[in-house]
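Numbering (the UniProt record's numbering), first residue to last: 1 to 401. Following: one structure in structure tokens, then a few remarks.
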Amino acid sequence: MSVHLHWFLPTGGDGRTLVDRHAYTDGGIRRDRITPVSGVRAPDIEYLAQIAKAAEQLGFEAVLTPTGTWCEDAWLTTVALTQVTERLKFLVAFRPGVISPVLAAQMAATYQRISRGRLLLNVVTGGDSTEQKRFGDHLGHDRRYARTDEFLQIVRGVWGGRPFDFQGEHYQVEGGLTALPPDPLPQIFFGGSSAAAGPVAARNVDVYLTWGEPPEEVRQKIDWIRGLAEKEGRTVRFGIRLHTISRDSPKEAWATAGRLLDDLDTETVAAAQQALGKSESVGQQRMLALHGGSRDKLEISPNLWAGVGLVRGGAGTALVGSHAEVADRIEEYHSLGIEHFVLSGYPHLEEAYWFGEGVRPELAARGLLDAGPAPLDGVPAANGRPASAPGGAPLLIAGGR
Numbered sequence: 001m002s003v004h005l006h007w008f009l010p011t012g013g014d015g016r017t018l019v020d021r022h023a024y025t026d027g028g029i030r031r032d033r034i035t036p037v038s039g040v041r042a043p044d045i046e047y048l049a050q051i052a053k054a055a056e057q058l059g060f061e062a063v064l065t066p067t068g069t070w071c072e073d074a075w076l077t078t079v080a081l082t083q084v085t086e087r088l089k090f091l092v093a094f095r096p097g098v099i100s101p102v103l104a105a106q107m108a109a110t111y112q113r114i115s116r117g118r119l120l121l122n123v124v125t126g127g128d129s130t131e132q133k134r135f136g137d138h139l140g141h142d143r144r145y146a147r148t149d150e151f152l153q154i155v156r157g158v159w160g161g162r163p164f165d166f167q168g169e170h171y172q173v174e175g176g177l178t179a180l181p182p183d184p185l186p187q188i189f190f191g192g193s194s195a196a197a198g199p200v201a202a203r204n205v206d207v208y209l210t211w212g213e214p215p216e217e218v219r220q221k222i223d224w225i226r227g228l229a230e231k232e233g234r235t236v237r238f239g240i241r242l243h244t245i246s247r248d249s250p251k252e253a254w255a256t257a258g259r260l261l262d263d264l265d266t267e268t269v270a271a272a273q274q275a276l277g278k279s280e281s282v283g284q285q286r287m288l289a290l291h292g293g294s295r296d297k298l299e300i301s302p303n304l305w306a307g308v309g310l311v312r313g314g315a316g317t318a319l320v321g322s323h324a325e326v327a328d329r330i331e332e333y334h335s336l337g338i339e340h341f342v343l344s345g346y347p348h349l350e351e352a353y354w355f356g357e358g359v360r361p362e363l364a365a366r367g368l369l370d371a372g373p374a375p376l377d378g379v380p381a382a383n384g385r386p387a388s389a390p391g392g393a394p395l396l397i398a399g400g401r
């Protein structure tokens with residue numbers, strides 16, 4: 001079982017601070033309690049292309065693209081980026097409640113042909129009723145997962161190449177068909193920590209994703225999903241979503257984490273925690289419980305820092321340390337059964353280089369990576385770093401707005 005490394009595409013904007021460009025209160029309408037931030041980079045296609053090309057050059061397998069009110073559309077953005085990359089895959093997040101399952105299956109098939117097989121799917125059921133309602137979805141939490149279950153059954157059914165019928169509570173399909181099924185079939189990634197989510201994962205998905213909790217809690221989740229999948233006669237693989245702050249020494253890494261923390265004032269943290277506390281997502285509540293809204297004791301496990309979750313929803317933890325220490329933690333999660341590591345950092349362009357040049361060689365030396373196209377082919381190196389990125393940061397970055 002090899003490690004699969006993926007990066008993140010910040011289609012909601014990027015920058016040099018943890019303050020979410022779209023942190024919100026009052027359902028995302030009022031922003032007056034959020035401290036203005038500087039150095040924000042617009043998610044224009046030129047900047048996103050820089051990140052995608054860097055990820056490909058550095059040897060990442062794919063990039064995750066988020067979905068939601070404050071992001072650019074994941075399907076349209078990534079299909080554009082397939083035209084400026086060659087082998088990078090795109091883990092496209094989408095919400096099943098706002099699109100027909102047959103249409104989604106057809107879109108995936110078209111995407112595979114356009115990209116020559118570079119699509120992965122990340123199914124996001126949704127844990128925020130306020131945002132779901134913006135898209136016209138008024139189902140409650142557990143019913144959304146029941147609908148996702150039906151949705152994924154239909155998608156796989158119509159990929160079979162023959163007319164497919166389905167009668168369920170949420171969908172009724174007669175003769176559903178994808179005339180030219182995708183080849184290969186996209187792997188389906190999915191996350192959810194609630195009792196309603198587990199059976200959906202066990203029955204339908206290829207990779208179950210968890211946010212970055214301490215290893216023992218991750219082990220418990222793996223055992224839970226693995227047991228449910230065995231009852232369904234299936235095997236599910238596992239992935240984890242984490243941020244990274246990897247440097248040449250532990251001191252440098254923790255200094256960077258400290259600087260990010262120093263950027264956060266009390267009012268900004270309080271506003272973010274109030275908003276995030278309203279989430280119906282069990283996974284989000286587990287993230288919040290790791291730090292309890294306090295700046296004290298944010299290293300909740302060796303090299304696992306919960307500072308990101310003070311202001312950011314979703315993935316709220318980062319691996320912080322030297323390149324070898326971050327590789328140690330990845331190896332530890334891998335030993336539990338984690339194959340896919342979906343990583344990110346602030347800013348995403350520079351942190352891709354820090355990880356790709358520092359941690360990836362460590363993992364390769366330990367035999368954890370499959371042999372594949374070598375990263376940075378043809379780029380002359382100096383002092384262990386490519387000439388395009390002296391000191392671990394690329395020369396070309398996008399301007400802020």
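Ideal Cβ placement from N, Cα and C applies to all residues, glycine included.
Option in the options with minimal Cα separation from residue i
i: G277; options: D128, G157, R144 and E331; result: D128
i: G136; options: M287, V98, Q57 and R147; result: V98
i: A197; options: E362, D223 and T148; result: T148
i: D248; options: Q50, T85, G356 and T77; result: G356
i: G13; options: E86, T69 and L288; result: T69
i: T266; options: R295, Q285 and I114; result: R295
i: A243; options: L304, S281 and S194; result: The question names Ala, yet the displayed sequence has His at residue 243. Among L304, S281 and S194, the Cα nearest to that of H243 belongs to L304.
i: S212; options: W75, V311 and L290; result: According to the sequence provided, residue 212 is Gly. The question's Ser does not apply to it. The shortest C-alpha separation from G212 is found at L290.
i: G15; options: A365, A270 and H348; result: H348
i: G126; options: Q284, E331 and A364; result: Q284
i: Q172; options: E150, W159 and G161; result: E150
i: E131; options: K297, E280 and V326; result: E280
i: F189; options: R360, G161 and R241; result: R241
i: P184; options: A146, L139, G117 and L298; result: G117
i: K53; options: C71, L88, V40 and E72; result: L88
i: R234; options: W254, R259, Y208 and R144; result: Y208
i: I51; options: E72, V79 and F8; result: F8
i: V311; options: Y333, L260, K297 and W354; result: L260
i: R156; options: L228, A109 and E252; result: A109
For residue i, the residue or residues it bridges with in DSSP
i: W254; result: In DSSP, W254 forms no bridge with anything.
i: V123; result: F94 and F190
i: L304; result: S301 and L319
i: G239; result: L209 and H340
i: D14; result: R41
i: I245; result: V320
i: F166; result: V173
i: F8; result: L64
Cutoff 6 Å; reference residue i; Cβ partners in own chain excluding five residues on either side
i: E351; result: G345
i: R203; result: E232
i: S194; result: V282
i: G313; result: L276
i: H4; result: E61, E339 and H340
i: S301; result: P214
i: S115; result: T82
i: G191; result: L209
Contact belief for residue i with residue j at Cβ below 8 Å, rounded distance in angstroms
i: V308; j: L18; result: 6 Å
i: T77; j: T65; result: 6 Å
i: V102; j: I45; result: At roughly 29 Å, the Cβ-Cβ gap does not stay under 8 Å, so V102 and I45 are not in contact.
i: L74; j: T67; result: According to the sequence provided, residue 74 is Ala. The question's Leu does not apply to it. About 5 Å; that satisfies the 8 Å criterion.
i: L336; j: V218; result: 6 Å
i: V236; j: V200; result: Between V200 and V236 the Cβ distance is about 11 Å, and since that is not below 8 Å, they are no contact.
i: H323; j: G358; result: 4 Å
i: P186; j: L119; result: 5 Å
i: A327; j: G316; result: That pair is no contact at about 22 Å.
Same chain, Cβ closer than 8 Å to residue i, five either side skipped, listed in chain order
i: S2; result: E339, L368, L369 and D370
i: R134; result: T69
i: F94; result: T67, A74, W75, A104, L121, N122, V123 and V124
i: E331; result: L363, R366 and L368
i: R329; result: P302, N303, L304, L319 and G321
i: R360; result: L5, L58, G59, L369 and P375
Neighbourhood of residue i by C-beta, 7 Å cutoff - its chain only, sequence neighbours within 5 removed
i: T256; result: I245 and R247
i: H6; result: F60, E61, A62, V63, L64, L91, H340, F341, V342 and L343
i: P10; result: P43 and H348
i: R286; result: S193 and E213
CB contact check: residue i to chain C, cutoff 8 Å
i: L264; result: Of the chains in the structure shown, none is chain C; there is only one protein chain.
Notebook entry, point to check: Taking only runs of the beta strand (DSSP E) that begin and end inside the stretch 34-111, which ones reach a length of at least 3 residues, in chain order?
Noted result: 62-65 and 89-94
*Output the residue ranges of the beta strand (DSSP E) runs that lie fully inside the stretch 306-345 and measure 3 residues or longer, sorted by chain position.*
318-322 and 338-344
- Task: Could you pull out every unbroken beta strand (DSSP E) segment of at least 3 residues lying fully inside the stretch 168-235, listed in chain order?
- Result: You should have 172-176, 188-191 and 207-211.
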